[in-house]
Amino acid sequence: MKTYLPYYFRRIGIAFVFVAIILSTIANFNEVVKGFHEGSTRALRQRDRTYVEENSVNYHIISAELKKTLTWVSLSFSFAGFLLYMFSKEKIEDEFIERIRYMSLAKSLLITWVITSALLIIHGGLELEGFYILQFQLFLYVVIYNYYKKWKFMVA
Amino acid sequence: MLNLIKDCVVKNTLKVERAKKNLTQADLAKLIMVSRQTIHAIESGKYVPSTVLALKIAHIFETTIEEVFELEESDWSK
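Below is the structure:
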């Protein structure tokens with residue numbers, strides 16, 4: 001697998017993924033607030049059965065439009081980050097590293113297919129968008145590649 | 001397909017040859033322009049090098065490929 005980018009693009013890719021995680025968290029902040037509030041209300045009711053919520057909480061801190069934009073931007077950063085990581089060179093590029101890349105690519109593809117197929121068979125009505133499947137495969141590639149490079153074939 | 005790295009088990013005397021030449025893994029890696037990880041993987045039998053790499057290794061040790069790498073009986077059945 002050809003790699004075109006210098007080594008430091010790997011760090012840029014990782015930074016992009018972190019940005020994607022932060023943006024994704026912000027985009028889903030409404031759900032975070034809702035979940036926290038529902039959980040705390042349930043806990044308070046368990047302690048005191050007569051507990052009544054005084055004021056209703058506004059769960060819509062992030063508007064639907066902003067959420068959609070942030071999700072799209074987060075996905076873009078995530079894709080860009082993983083692709084930059086995938087196509088950036090190692091400090092020393094040799095045939096062994098190339099073999100590890102090919103193996104990681106093949107395994108990540110296979111595992112993604114297996115999991116996606118299993119999910120669709122188990123839950124026929126599940127709507128899996130292509131973007132998320134691709135993102136999962138890219139993430140899996142990074143995990144498997146690093147497993148091979150840093151753990152399985154680690155230098156003693 | 002998923003085990004491209006270790007289809008065959010090829011014995012090698014890399015460690016012995018390195019000791020004869022007083023080379024560390026890092027030294028040998030630098031001479032043939034690969035990573036130290038590659039040398040370690042070859043020595044531990046986890047990776048079978050390409051013909052080009054095997055020729056380079058033999059050249060560094062001033063010997064033939066057959067002196068460094070040896071096919072095992074089990075390789076003939078694959």
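Residue numbers (the UniProt record's numbering), protein chains in the order written: chain A, 1 to 156; chain B, 1 to 78.
Yeah, the Cβ is synthetic: ideal placement off N, Cα and C, and Gly gets one too.
These numbers come from a predicted model, not from an experiment.
Selected residue, minimal CA-CA separation from residue i, among the options
{"i": "residue 79 (chain A)", "options": "A:151, A:13, A:7", "result": "A:13"}
{"i": "residue 37 (chain B)", "options": "A:7, A:124, A:99, A:66", "result": "A:99"}
{"i": "residue 25 (chain A)", "options": "A:130, A:61, A:41", "result": "A:61"}
{"i": "residue 130 (chain A)", "options": "A:113, A:37, A:16, A:18", "result": "A:113"}
{"i": "residue 18 (chain B)", "options": "B:63, B:10, B:51, B:52", "result": "B:63"}
{"i": "residue 21 (chain B)", "options": "B:58, B:76, B:74", "result": "B:58"}
Strand pairing of residue i, partner residues [DSSP]
{"i": "residue 11 (chain B)", "result": "B:70"}
{"i": "residue 88 (chain A)", "result": "A:5"}
Minimum Cβ-Cβ distance from residue i to chain B less than 8 angstroms
{"i": "residue 48 (chain A)", "result": "no"}
{"i": "residue 21 (chain A)", "result": "no"}
{"i": "residue 157 (chain A)", "result": "Chain A is shown from 1 up to 156; residue 157 (chain A) falls before or after that span and cannot be answered."}
{"i": "residue 153 (chain A)", "result": "yes"}
{"i": "residue 92 (chain A)", "result": "yes"}
Interface flag, residue i vs chain A, CB-CB below 8 angstroms
{"i": "residue 2 (chain B)", "result": "At residue 2 (chain B), the pLDDT of 45 sits below 50, so the modelled position is not reliable; the number obtained from the coordinates is stated separately. With 8 angstroms as the cut-off, residue 2 (chain B) counts as an interface residue toward chain A."}
{"i": "residue 53 (chain B)", "result": "yes"}
{"i": "residue 5 (chain B)", "result": "Note that residue 5 (chain B) scores 47 on pLDDT, short of 50, meaning its location in the model is unreliable; the coordinates nonetheless yield the value given after this. Yes, its Cβ sits closer than 8 angstroms to a Cβ of chain A."}
{"i": "residue 41 (chain B)", "result": "yes"}
{"i": "residue 46 (chain B)", "result": "yes"}
{"i": "residue 24 (chain B)", "result": "no"}
{"i": "residue 34 (chain B)", "result": "yes"}
{"i": "residue 63 (chain B)", "result": "no"}
{"i": "residue 13 (chain B)", "result": "no"}
{"i": "residue 74 (chain B)", "result": "no"}
* Asked: For the stretch 41-54 of chain B against the stretch 135-149 of chain A, are there 3 or more C-beta pairs whose distance is under 8 angstroms?
  -> When C-beta atoms of the stretch 41-54 of chain B are compared with those of the stretch 135-149 of chain A, fewer than three pairs fall below 8 angstroms, so the two segments do not count as touching.
* **Contiguous alpha helix (DSSP H) assignments of at least 4 residues, all confined to the UniProt domain "HTH cro/C1-type" (14-68) of chain B** => Segments of the alpha helix (DSSP H) lying fully in the UniProt domain "HTH cro/C1-type" (14-68) of chain B: 14-21, 25-31, 36-43, 51-60, 65-68.
* Tell me, please, whether the stretch 11-21 of chain B touches the stretch 62-70 of chain B by the rule of three or more beta-carbon pairs shorter than 8 angstroms. => Enough Cβ pairs lie closer than 8 angstroms, so yes.
* To do: State whether the stretch 17-24 of chain A contacts the stretch 70-86 of chain A, with contact taken as three or more CB pairs (one from each stretch) at a distance under 8 angstroms.
  => For the pair of segments examined, the stretch 17-24 of chain A was found to touch the stretch 70-86 of chain A: the number of CB pairs separated by less than 8 angstroms reaches three.
* **Meets three-Cβ-pair contact criterion under 8 angstroms: the stretch 84-101 of chain A and the stretch 41-60 of chain B** => In short, these stretches touch, since the Cβ pair count reaches three.
* Sequence ranges, alpha helix (DSSP H) only - wholly within the stretch 92-130 of chain A, length at least 4 -> If we require 4 residues or more, the alpha helix (DSSP H) runs fully inside the stretch 92-130 of chain A come out as 95-122.
* To do: Please specify which runs of the alpha helix (DSSP H), each continuous and at least 4 residues long, are wholly inside the stretch 14-57 of chain A, giving them in chain order.
  => Within the stretch 14-57 of chain A, the alpha helix (DSSP H) runs of at least 4 residues that lie entirely inside it are, in chain order, 29-47.
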